[in-house]
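Input: a single structure, listed below in structure tokens.
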Amino acid sequence: MQHNGDISAAIEQLQQRYFLAPTRQLTLKSGELLLEQGQANERLYLLLKGRLTAYYRVDEHSEFIELNQFTPLSFTGVHSFFSGSYQARFRVVATSDCQLAYLDKHVKAKQQETFGTLEQQFMPVIVNELSQRQILAIDAQIEHTLAQQRVMQAEKMSTIGQLAAGLSHELNNALGAISAKSAYFERFMDAHFAQHFASQHHYFRAGLDSKRPPDSKTLRERGKLFEKKLGVGRDQGKALARIFNHEDDVLALGKGFLQRLDEYADFWQLGRDFRELKYAVNHATGIIKSVRLLGVSDTERKFGLDMNETINHALDLMSSHSRAIQIRVQAGELPLITASHSEWVQVWVSLIKNAYEALLSQPNPEPMLRIKSYHKHDCIYVEVTDNGPGIAPHLIRHIFQPDMTTKKGGLSFGLGLGLSICQRIISSYQGNLSVTSEPGQTCFTVALPIGGNNDNN
Amino acid sequence: MTTINIICVDDQREVLSAVVRDLAPLASYFNIEECESAGECEELLDELDANGERVALIISDHVMPVKTGVQLLTDLANEPRFRSIRKILLTGLATHADTIKAVNQAHIDHYLEKAWDGAELLQISKQLLTEFVVEQGLDYQDYLSVLDAPTLYKLIQ
Chain A
4 MQHNGDISAA IEQLQQRYFL APTRQLTLKS GELLLEQGQA NERLYLLLKG RLTAYYRVDE
64 HSEFIELNQF TPLSFTGVHS FFSGSYQARF RVVATSDCQL AYLDKHVKAK QQETFGTLEQ
124 QFMPVIVNEL SQRQILAIDA QIEHTLAQQR VMQAEKMSTI GQLAAGLSHE LNNALGAISA
184 KSAYFERFMD AHFAQHFASQ HHYFRAGLDS KRPPDSKTLR ERGKLFEKKL GVGRDQGKAL
244 ARIFNHEDDV LALGKGFLQR LDEYADFWQL GRDFRELKYA VNHATGIIKS VRLLGVSDTE
304 RKFGLDMNET INHALDLMSS HSRAIQIRVQ AGELPLITAS HSEWVQVWVS LIKNAYEALL
364 SQPNPEPMLR IKSYHKHDCI YVEVTDNGPG IAPHLIRHIF QPDMTTKKGG LSFGLGLGLS
424 ICQRIISSYQ GNLSVTSEPG QTCFTVALPI GGNNDNN
Chain B
117 MTTINIICVD DQREVLSAVV RDLAPLASYF NIEECESAGE CEELLDELDA NGERVALIIS
177 DHVMPVKTGV QLLTDLANEP RFRSIRKILL TGLATHADTI KAVNQAHIDH YLEKAWDGAE
237 LLQISKQLLT EFVVEQGLDY QDYLSVLDAP TLYKLIQ
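Protein chains in written order, with the numbering used here: chain A, 4 to 460; chain B, 117 to 273.
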């Protein structure tokens, strides 16, 4: 037990007054029993050297649980001595070699005229003992409540996991059908147009093979430019802006093309629709994957996890999104740890997805993602760095909030939960997630102490 | 005949282009614009307003990065220049509180859930456009073929 200054001084004075008699000194070897719960004890002990540990059991059939430890100078047996029960409340064992001094119940008060009765002299010690016990009781209650909350949270997550599994099964079936039927429909149209509408077919194919268009604002500006340069109407300018990047491409096709633009644009848009159907199905499948990861059923923490493996798994999961982006992985040798595979995959998927979205949010000639893992000072470090536009200074404080998102476009999960879930998982391992960002370099660093307490919470 | 605009706002392009597809029958009478964010929509509104063009209808998603659809529509409801714009909220995810705010503060004219029915969206848009044309004292004869006849009849009888 820890004492504040006042009580330490009081204990020292009492030691001088009562605990110097050579006949009432005692030594204990480590492991020896001082008091047994429920047994008679007529002594008040003062621990001078070594360490004592108190244990308690509810009844004879239950196990002893450790209550607290005593270090010098502190009293043991306060309750049995002063309550007059003379019966030990706890089992007390020496957990290292100990030196003690003691009083028995026949002791007489010294200097009573100055310091009062024995009880008065020992009052600070008694009060301190009571307050220490109360603090212990409060701590135990808090620990108990937290444990209950963890159990409830685990139950909730497992329910979400089951729900997500069922839901994703059903949705994947439906999406499978949509995807297969639209592919069939697309092939049919493609063949049909090729046979019967040869000149329009070219535009259908162009729409089908078109890349992701620029954003709506760029399209609007391009449309206006085309209006001016090509002398076409607003609607035509807009339609052309979707299909062509530059007015020269339109001019190259000759006057006849513009006259039949509406017809061609319709076929182009039809091809584009099939393309977007595919995007939408991919988007939905991606979301289902994320939700399944979110409600992970496997949060069990087992020894033997190689952090680099979880990073590779996450990269595999994200591979369909990453063709345009260069990935450099610099995996250092890491010690095996006790952790849940899927929790860490979830962390890396979130961080990688964030980086991808940052990289794709603005034109970048050489989008690159670097992941580096290393082991230093009993910590595992993983850095996820992208060369995207960076996080605006006014947003950086908020990025770990659950409802914060800057995401747009097809890739995103879009609920803005990614980083807050990451942080929750990382802190449950006593780890830390930090970020530094400037245009061209944003780095998320996970620091994970490996000596840490890996309780499943 | 003044240019009248319809603005569609959604951060997901596939959705945006599908909405525009559904409104295609209106395209020969109204100019249909696409925006991928609330901010872009506000910018476009200012630009159109500066050019003396009218905006009759905004169809907006709710859950979008930076600024939500309900927030956008609320701001527009409080802006005298844009108070006459008809507003449709088209959303797949809005909480009860969002929805209440959409009605009480953004004064939306219609609430549609995703996935929506293209024909229904077109029909509602026609009704709201009819209201706008009559309310603004425009010559409805110009737009007759894309206006909603029962609504028109009710308003001018």
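C-beta: ideal position from N, C-alpha, C; glycine also.
Own chain residues within Cβ distance below 7 angstroms of residue i, not counting five before or after
i: Leu273(A); result: Phe207 and Gly210
i: Glu150(B); result: Cys124, Leu132 and Val136
i: Gly234(B); result: Asp138
i: Arg275(A); result: Gly210 and Ser213
i: Glu312(A); result: none
i: Glu66(A); result: Arg60
Reference residue i; option with closest CA among the options
i: Ile272(B); options: Ile204(B), Phe146(B) and Asp255(B); result: Asp255(B)
i: Glu152(B); options: Ser364(A), Thr388(A), Leu398(A) and Pro368(A); result: Ser364(A)
i: Glu224(A); options: Ala244(A), Lys111(A), Leu103(A) and Ser440(A); result: Ala244(A)
i: Lys52(A); options: Arg20(A), Cys101(A) and Gln28(A); result: Cys101(A)
i: Val179(B); options: Leu189(B), Ala172(B), Arg170(B) and Val171(B); result: Leu189(B)
i: Ile291(A); options: Asp238(A), His204(A) and Ala167(A); result: Ala167(A)
i: Glu441(A); options: Leu398(A), Ile424(A) and Leu17(A); result: Leu398(A)
i: Gly253(B); options: Ser176(B), Ala140(B), Asn167(B) and Leu268(B); result: Leu268(B)
i: Arg129(B); options: Asp177(B), Ile240(B) and Leu142(B); result: Asp177(B)
i: Gln28(A); options: Ala43(A), Thr120(A) and Leu50(A); result: Leu50(A)
i: Val186(B); options: Val262(B), Asn220(B), Thr119(B) and Asp264(B); result: Asn220(B)
i: Gln123(A); options: Ala140(A), His147(A) and Ala13(A); result: Ala13(A)
i: Pro141(B); options: Val262(B), Lys270(B) and Thr246(B); result: Val262(B)
i: His205(A); options: Ala150(A), Ala317(A), Phe270(A) and Glu303(A); result: Phe270(A)
Classification of residue i by the beta-carbon crowding that lies within 10 angstroms, buried from 16 upward
i: Val135(B); result: buried
i: Leu260(B); result: exposed
i: Lys203(B); result: buried
i: Val387(A); result: buried
i: Lys242(B); result: buried
i: Ile145(A); result: exposed
i: Ser83(A); result: buried
i: Met155(A); result: exposed
i: Ala210(B); result: buried
i: Arg92(A); result: buried
i: Leu161(B); result: buried
i: His344(A); result: buried
i: Lys258(A); result: exposed
i: Arg278(A); result: buried
i: Thr26(A); result: exposed
i: Leu23(A); result: exposed
i: Phe416(A); result: Low confidence applies to Phe416(A): its pLDDT is 40, below 50, so where it sits in the model is not reliable enough to give any reading.
i: His195(A); result: exposed
i: Lys411(A); result: Here Lys411(A) scores only 44 on pLDDT, less than 50, and its place in the model is too uncertain to base an answer on.
i: Ala104(A); result: buried
Cut-off 8 angstroms between Cβ atoms - residues of its own chain near residue i, not counting five sequence neighbours on either side
i: Gly434(A); result: Val449, Ala450, Leu451, Pro452 and Gly455
i: Glu336(A); result: His378
i: Leu414(A); result: Because Leu414(A) sits at a pLDDT of 35, beneath the cut-off of 50, its placement in the model cannot be relied upon, and the point is left open.
i: Pro181(B); result: Asp127 and Ser153
i: Thr221(A); result: none
i: Val253(A); result: Phe229, Leu233, Leu243, Phe247, Phe260 and Leu261
i: Glu69(A); result: Thr56, Ala57 and Tyr58
i: Gln239(B); result: Asp264
Beta-bridge pairing of residue i - partner residues as DSSP gives them
i: Ile80(B); result: Because chain B is modelled from 117 through 273, residue 80(B) falls outside the range shown and cannot be assessed.
i: Met371(A); result: Gln329(A)
i: Ala334(A); result: Ser376(A)
i: Ile216(B); result: BP columns for Ile216(B) are empty, so no partner.
i: Thr79(A); result: Tyr48(A)
i: Gln243(B); result: The partner list for Gln243(B) (beta bridge, DSSP) is empty, contrary to what the question assumes.
i: Val95(A); result: Leu38(A) and Ala57(A)
i: His226(B); result: Ile204(B)
i: Tyr105(A); result: Tyr48(A)
i: Leu436(A); result: Val449(A)
Integer Cβ distance of residue i from residue j, believed to fall under 8 angstroms
i: Val284(A); j: Met321(A); result: Wrong, their Cβ atoms sit about 18 angstroms apart, outside the cutoff.
i: Glu169(B); j: Asn121(B); result: 6 angstroms
i: Arg153(A); j: Asp107(A); result: About 47 angstroms separates the two Cβ atoms, so there is no contact after all.
i: Glu35(A); j: Ala97(A); result: 5 angstroms
i: Leu76(A); j: Glu132(A); result: At roughly 13 angstroms, the Cβ-Cβ gap does not stay under 8 angstroms, so Leu76(A) and Glu132(A) are not in contact.
i: Val438(A); j: Ile383(A); result: 18 angstroms between Cβ atoms; not a contact.
i: Phe248(B); j: Leu173(B); result: 7 angstroms
Nonlocal neighbours in the same chain, by C-beta distance under 6 angstroms from residue i, ignoring five residues either side
i: Val332(A); result: Ile374
i: Val95(A); result: Leu37, Leu38, Leu55, Ala57 and Thr79
i: Ile330(A); result: Leu372
i: Gly226(A); result: Gly240, Lys241 and Ala244
i: Gly443(A); result: Asn390
Cutoff 7 angstroms: residue i Cβ touching any chain C Cβ
i: Cys124(B); result: No chain C appears in this structure, whose protein chains are A and B.
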